[in-house]
Amino acid sequence: MQNQTSGKSSDQGGSATERFSSSGFILTAIGSAVGLGNMWKFPYITGKYGGAAFFLLFIICLLVVGLPVLLAELAIGRGGRGNASTSFIRLSKSKYWGGFGFLSIFGAFMILSFYSVVAGWTIHYAIISFSNVLFQDADYTHRFTSFAASGMPVLWQVAVMAITGAVVAKGVSGGIEKFNKILIPGMLVLLIVLIVRSVTLPGAMAGVEFFLKPDFSKLTTESVLVALGHAFFSLSLGMGTMLTYGSYVERRQSLGQAAAAVGAGDLLYALIAGLIIFPTSFAFGIEPSQGAGLVFMALPAAFSAMPLGGVFGGLFFILLAIAALTSTVSLLEVPVAYAMDKWRLSRNKAALWTTVLCCIVGVPSALSVGGAFSGFTIAGKSFFDFVDFVASNIILPVGGLIVTIFTGYVWKKAGEEAGLTNGMFKLWMFVIRYIAPVLVILIFLYSSGIISGGEYGK
Ligand code: PFF
Numbered sequence: 000m001q002n003q004t005s006g007k008s009s010d011q012g013g014s015a016t017e018r019f020s021s022s023g024f025i026l027t028a029i030g031s032a033v034g035l036g037n038m039w040k041f042p043y044i045t046g047k048y049g050g051a052a053f054f055l056l057f058i059i060c061l062l063v064v065g066l067p068v069l070l071a072e073l074a075i076g077r078g079g080r081g082n083a084s085t086s087f088i089r090l091s092k093s094k095y096w097g098g099f100g101f102l103s104i105f106g107a108f109m110i111l112s113f114y115s116v117v118a119g120w121t122i123h124y125a126i127i128s129f130s131n132v133l134f135q136d137a138d139y140t141h142r143f144t145s146f147a148a149s150g151m152p153v154l155w156q157v158a159v160m161a162i163t164g165a166v167v168a169k170g171v172s173g174g175i176e177k178f179n180k181i182l183i184p185g186m187l188v189l190l191i192v193l194i195v196r197s198v199t200l201p202g203a204m205a206g207v208e209f210f211l212k213p214d215f216s217k218l219t220t221e222s223v224l225v226a227l228g229h230a231f232f233s234l235s236l237g238m239g240t241m242l243t244y245g246s247y248v249e250r251r252q253s254l255g256q257a258a259a260a261v262g263a264g265d266l267l268y269a270l271i272a273g274l275i276i277f278p279t280s281f282a283f284g285i286e287p288s289q290g291a292g293l294v295f296m297a298l299p300a301a302f303s304a305m306p307l308g309g310v311f312g313g314l315f316f317i318l319l320a321i322a323a324l325t326s327t328v329s330l331l332e333v334p335v336a337y338a339m340d341k342w343r344l345s346r347n348k349a350a351l352w353t354t355v356l357c358c359i360v361g362v363p364s365a366l367s368v369g370g371a372f373s374g375f376t377i378a379g380k381s382f383f384d385f386v387d388f389v390a391s392n393i394i395l396p397v398g399g400l401i402v403t404i405f406t407g408y409v410w411k412k413a414g415e416e417a418g419l420t421n422g423m424f425k426l427w428m429f430v431i432r433y434i435a436p437v438l439v440i441l442i443f444l445y446s447s448g449i450i451s452g453g454e455y456g457k
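Heads up, the sequence shown is in numbering that gives the first Met the number 0, so the first residue is 0 and it goes up one at a time.
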C-alpha cells in the first residue's frame, strides 16, 4: 500500500493535518451514509414496519434528530482537529471524554468486522449473477445458505477489507476522496438504470404504492423506535465516522449546509433503493416484509424471471457493493486515524494493521451464518449477530448520546464551530439538549432489549 496523501498531509501520524476539498467532502460523507443500510436494511425494515408510513417516519427522524446530531459530530471533529477520541479531549480538556470517544472507535471497528462480511456477499452475488450461475438452480434460499455455510465468505470479506485498506492507505484526498468522487456519481447512474427497469415491470405500481402511499394504521411504537435507530445508522452517527471526517474539513466550509446535503443525499438513495426493490418485489409476488433475506434470497427469483435478468441482477449487486465499500472506507478511517495519532504510525502502517486485525475479527462473523462457527453462540446469538447487536444497538446509541451531551452541555464553543444563524443555533441547541438525548436513550432502551420489542433492524 502506498502513501500519496496530498497537500498538507503527513505520513508521520497527526491524522488531522490532511484536508478534503469542499465538494469532495460532501460526496465522501454521503458515501459513508449511503450503504448497506440504505440498500439492504432499509427496504426490509420498511417492508416490515409499515411501508410508506414508516418511510415518512424515517424522514422525520432524519430531519429532526439525525441532522442536528450529524452537525454536532462534524463540529466536534473540525473543532478538535483530532481523531474520534482526541477531539473530545482537546475540546473539553478532560481525559474522560477521550475514553467515551474511544468507545465509538471500538464500535466502528466492530461494525466494520461484520459489515465487510455482508459487503463480501454482494460482490460474490454480483459475479454469480453476471455469469448466470445464480440462476442455475431456482432454490435461492438454498443457494444463499450453502454459500454462507462454506468458507467462501471469508475470502470475500478479506477482498473487501483489502480494497478498503488500500483506499484508506492512500490518504484523505488521494484515496478516500477520490474513491468517493468516482463511485458516488457512478452509483447514481446504476440506480437510474435499475429504477427504469423496476418501475416498468408489469405490476410494479403496487410496489410504488406500498412504498409511497402511507397507511398510518400500520405504525406501532416499535416502528418509531426502529425508524429512529435506523436514521442514526443510516447517517453513520455515533461511531466516530462523521467526527473523523469532520476533522479533515476546511474552515471555510459551512457545516450546516454540509449536514443538510448529506441528509438529502442519504434520503435520495434510500428513496431510489425503495423504488427499485418494492416494484420488483411486487411485480414478482415477493413479500417485502420477509426480513434480511429479501435481497439475497428473494430478489434473485425476480431477476431470473426478467429478460436480461443476469445483467440487471449483476448491476444491482454491484450497486450494493459500491454502497458498502464507500461506507467501509469511512469505518476503517476511524481506527486508522486513532492508530496514527496514538502510536505515531504512518498512514500505511496504521491502515495495514487495522485491516489485518479486522479481517481476523471478521472470520468468526463470516463463518457464523451457517458456517463452521454457527454452533458458537454468545448470549444466545451467533457471533455475527452478537457483534452486530453490541455495535449497532448498544455502542451506536451510546455514542450518539455522548455526542449530544458533549455538544449541548460540555463544549461551550459548539455554536461558533457550527456557524449557524442565531435562530438556527437556538433550534439546534434545543434539539441537542432536550430532544435528541431523550430519543437516543429510548432507542438504546429499545434496541438493547431493555424495553419490549428487542433490537431494531432484525
Ligand atoms: N451508514 C451506513 C449504511 O447506511 O450502510 C453504515 C454505517 C457506516 C454505520 C458508518 C455507521 C458508520 F459509522
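The beta carbon of each residue, even a glycine, is placed where N, CA and C say it ideally should be. All figures in this text were calculated on a predicted structure; none of them were measured in a lab.
Contact set, the ligand PFF heavy atom to C-beta under 6 Å
Ser-31, Ala-32, Gly-34, Leu-35, Gly-36, Asn-37, Ala-107, Ile-110, Phe-232, Ser-233, Ser-235, Met-238, Thr-240, Ser-326, Ser-329, Leu-330
Have a look at Arg-18 and Tyr-124 and give me their C-alpha separation to the nearest angstrom.
36 Å
Could you tell me which whole alpha helix (DSSP H) segments of length 4 or greater appear in the region 188–257?
204–211, 220–233, 240–245
Gly-20 by DSSP, collapsed to three states: which one?
Correcting the residue identity first, residue 20 is Ser in this sequence and not Gly. Correct three-state label for Ser-20: coil.
Name the DSSP beta bridge partners of Ser-381, please?
Thr-376
Grab me the residues of Tyr-247's own chain with a C-beta within less than 6 Å of its C-beta, minus the 5 sequence neighbours each way, in chain order.
Glu-17, Arg-18, Phe-19, Val-171
Can you say whether His-176 is buried or exposed, counting buried as having 16 or more other CB atoms within 10 angstroms of its CB?
Here the sequence assigns Glu to residue 176, which means His is not the residue at that position. So Glu-176 counts as buried.
Throw me the rounded Cβ distance for the Leu-56 and Ser-222 pair, which I believe falls under 8 Å.
6 Å
In angstroms with no decimal places, state the Cα-to-Cα distance between Gly-469 and Gly-361.
Look at the range of the chain in this structure, 0 to 457, and you will see that residue 469 is not part of it.
Here's a check: name, in chain order, each residue in its chain whose Cβ is nearer than 8 Å to the Cβ of Ile-127, leaving out the five neighbours to either side.
Leu-133
Tell me whether Gly-407 is buried or exposed, calling it buried when 16 or more other Cβ atoms sit within 10 Å of its Cβ.
buried
For a test of the three-state rule: what should DSSP assign to Pro-287, helix, strand or coil?
coil
Going by Cα to Cα distance, which pick from Ile-44, Lys-40, Leu-61 is closest to Gly-264?
Leu-61
For Ala-260, the nearest candidate out of Val-333, Phe-424, Ile-29 (CA to CA)
Ile-29
Backbone secondary structure at Thr-420 - three-state DSSP:
coil
Please tell me whether Gly-65 and Glu-416 are closer than 9 Å, where the distance is taken between their beta carbons.
no
What are the start and end residues of the alpha helix (DSSP H) that includes Ile-75?
66–79
Run of the alpha helix (DSSP H) containing Met-109, from where it starts to where it stops:
94–129
Neighbour-count burial assignment, Met-204, 16 or more Cβ in a 10 Å radius
exposed
Using the C-alpha atoms, what's the distance from Phe-99 back to Leu-193?
42 Å
Using 9 Å as the threshold, is the C-beta distance between Ala-168 and Arg-346 below it?
yes
Should Val-402 be labelled buried (16 or more other beta-carbon atoms within 10 Å of its own) or exposed?
buried
Distance CB(Val-157)-CB(Val-368) smaller than 9 Å:
no
Using the beta-carbon count (16 or more within 10 Å), is Arg-142 buried or exposed?
buried
Backbone secondary structure at Leu-62 - three-state DSSP:
helix
May I have the straight-line CA-CA distance separating Ala-349 from Leu-234, to the nearest angstrom?
25 Å
When the Cα of Ser-183 is compared with those of Asp-340, Ala-147, Ile-321, which residue comes out closest?
Looking at the sequence shown, residue 183 is not Ser but Ile. It is Ile-321.
Sorted by chain position, which residues of the same chain lie with C-beta nearer than 7 Å to Ala-52's C-beta, five sequence neighbours on each side aside?
Pro-213, Asp-214, Phe-215, Lys-217, Leu-218
Within the continuous alpha helix (DSSP H) that includes Asp-340, where are the two ends?
308–341
Going along the chain, which residues of its own chain have a beta-carbon closer than 6 Å to the beta-carbon of Val-430, five neighbours each way excluded?
Pro-67
In whole angstroms, what separates the C-alpha of Asp-459 from that of Ser-86?
Any answer about residue 459 is impossible in this case: the structure gives the chain only from 0 up to 457.
Could you round the C-beta distance between Asn-37 and Tyr-337 to whole angstroms and report it? I think they count as a contact, below 8 Å.
With a Cβ gap of about 27 Å, Asn-37 and Tyr-337 do not count as contacting.
If you measure between the beta carbons of Val-225 and Ile-44, is that distance less than 9 Å?
yes
Segment limits, alpha helix (DSSP H) that includes Arg-89:
85–91
Can you tell me whether Lys-412 is buried or exposed, with buried defined as 16 or more other CB within 10 angstroms of its CB?
exposed
Is the beta carbon of Ser-22 less than 9 Å from the beta carbon of Thr-240?
no
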